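Under the working numbering, think of the first position of the sequence shown as 1, with each following residue one higher. Backbone N, C-alpha and C fix where the C-beta goes; we use that ideal spot for every residue, glycine too. Just so you know, these numbers come straight off a predicted model, no measurement behind them. Below is one structure; the comments refer to it alone.
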Amino acid sequence: MQLYPAIDIKGGQCVRLTQGLFDNVKVYSDTPADMARMWRDQGATFLHLVDLDGALAGRSVNEAVIRSIVEAVDIPVEIGGGIRTAEAVRNMLDLGVARVIIGTKAVERPEFMGELVAAFGPERIVAGVDARDGLVAIQGWEELSSVTARELCLKMKELGVLHIVYTDIARDGMLNGPNVEATRELTMDTGLDIIASGGVSSMEDLRRLYDAGIQGAIIGKALYENRVDLREAVRAFQTDRTGNGL
């Protein structure tokens, strides 16, 4: 299971939100690149970045910070938040980002995802499926659509998408456990790489995701609040199914 330490960027700082609420912010670092180095040094092999300002603005806002992170570490980075045009995707990839996550535009114009996959390849494009009570949220989680998470994931598969970041908004930042069952069902129903996001609070939560066959997990507040030791988590769960280290 691939583990993804999360770095959420707001106002140039590394922060965490609770349930996606922009007025419920806790700052963990003024220098996100330093956080990236720390997670790399503790065994991270992939980082998950979110431009929170960009998610609301509908365009990349913290580009300088994103560049500083990419230049600071020698491991791949994925980024989401406000990326809604092919030009914006190309710009992120040109910065050295490995994968770009598209959320709102994937709901509003699904065929756009097929165009991106054709232009940049399926390994570079990720669909961000953020759901509350089963319905997909858009516009920085400020609005609910009428599309279900399952419907969107299956549509993404049709269009050639391989990777999905699935966030249960109600659990994000709450440290009360991920929605393992919903994530497992999406994995089984689609056969895609469904990456669990939201609610991971402990090694036991990671164990449940691993045992359910989930292929990836994003860890945010649990790392910042010292509830999960990244080195230990990498040793325990970032292995293939034969028990060999990746």
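_Buried versus exposed, by CB contacts within 10 Å (16 or more), M188_ = Here the question's residue 188 lines up with position 188 in the sequence shown. That one is exposed.
*Which residue comes first and which comes last in the beta strand (DSSP E) that contains I75?*
Counted from its first residue, the sequence shown places residue 75 at position 75. It is not in any beta strand (DSSP E) - I75 carries neither H nor E in the DSSP assignment.
*In terms of DSSP beta bridges, what is A6 paired with?*
Translated into positions along the sequence shown, residue 6 becomes position 6. Looking at the DSSP assignment, A6 forms a beta bridge with H48.
*8 angstroms Cβ cutoff met for K155 and P122*: As a first step, residue 155 must be located in the sequence shown, where it is residue number 155. As a first step, residue 122 must be located in the sequence shown, where it is residue number 122. Cβ distance not < 8 angstroms, so K155 and P122 don't count as in contact.
*Could you tell me the boundaries of the beta strand (DSSP E) in which T18 lies?*
By 1-based counting over the sequence shown, the position of residue 18 is 18. Here the beta strand (DSSP E) through T18 covers Q13 to T18.
_Bounding residues of the beta strand (DSSP E) (the contiguous stretch that carries T104)_ = Within the sequence shown, residue 104 is the residue found at index 104, counting from 1. First-last for T104: T104 to E108, but that is the alpha helix (DSSP H), not the beta strand (DSSP E).
*Whose CA, out of F120, R124, K105 and V117, lies closest to the CA of A137?*
Taking the sequence shown and counting its residues from 1, one reaches residue 137 at position 137. If we check each option's Cα against that of A137, K105 comes out closest.
*Three-state secondary structure (DSSP) at I218?*
Walking along the sequence shown from the start, residue 218 turns up at place 218. Looking at I218 - three-state DSSP - the assignment turns out to be strand.
*CA nearest to the CA of V73, picked from N179, G198, D193 and V97*: The residue labelled residue 73 in the question sits at position 73 within the sequence shown. It is V97.
*Say whether the stretch 192-210 touches the stretch 218-228, bearing in mind that this needs 3 or more beta-carbon pairs closer than 8 angstroms, one atom from each stretch.*
yes
_Once the 5 residues before and after V27 are set aside, which same chain residues still bring their CB inside 6 angstroms of it?_
The count along the sequence shown starts at 1 and reaches residue 27 at position 27. Cβ within range, chain order: Q13 and V15.
*asked:* As an exercise, report each continuous beta strand (DSSP E) stretch of at least 3 residues that is fully enclosed by the stretch 172-237, in chain order.
replied: 193-197 and 216-219
_G134 and T148 - do their beta-carbons sit closer together than 8 angstroms?_
Along the sequence shown, read from residue 1 onward, the residue named residue 148 stands at position 148. Along the sequence shown, read from residue 1 onward, the residue named residue 134 stands at position 134. Contact flag set, yes.
*asked:* Rounding to the nearest angstrom, what Cα-Cα distance links D240 and M1 in this structure?
replied: As a first step, residue 240 is located in the sequence shown; it is residue number 240 there, counting from the start. As a first step, residue 1 is located in the sequence shown; it is residue number 1 there, counting from the start. Note on D240: pLDDT 49, under 50, position unreliable in the model; no value is reported.
*In three-state DSSP terms, what is L95?*
Counting from 1 along the sequence shown, the entry for residue 95 is found at position 95. Of the three classes helix, strand and coil, the one that applies to L95 here is helix, per DSSP.
*Close-in-space but distant-in-sequence residues of the same chain around A33 (CB under 6 angstroms, 5 per side omitted)*: As a first step, residue 33 must be located in the sequence shown, where it is residue number 33. Taken in chain order, the residues that qualify are S68, I69 and A72.
*Assign D130 to one of three DSSP states: helix, strand, or coil.*
Counting from one through the sequence shown, the residue named residue 130 turns up at place 130. It is a strand residue.
*Exposure label - E204; buried when at least 16 CB within 10 Å*: The residue given as residue 204 occupies position 204 in the sequence shown. Classification for E204: exposed.
*Could you tell me which residues DSSP puts in a beta bridge with Y166?*
Counting from one through the sequence shown, the residue named residue 166 turns up at place 166. The partner list for Y166 (beta bridge, DSSP) reads V129 and A196.
*Taking D211 as the reference, which of M38, R90 and T183 has the closest Cα?*
Sequence index remark: in the sequence shown, residue 211 carries index 211 (1-based). Out of M38, R90 and T183, T183 has the C-alpha closest to the C-alpha of D211.
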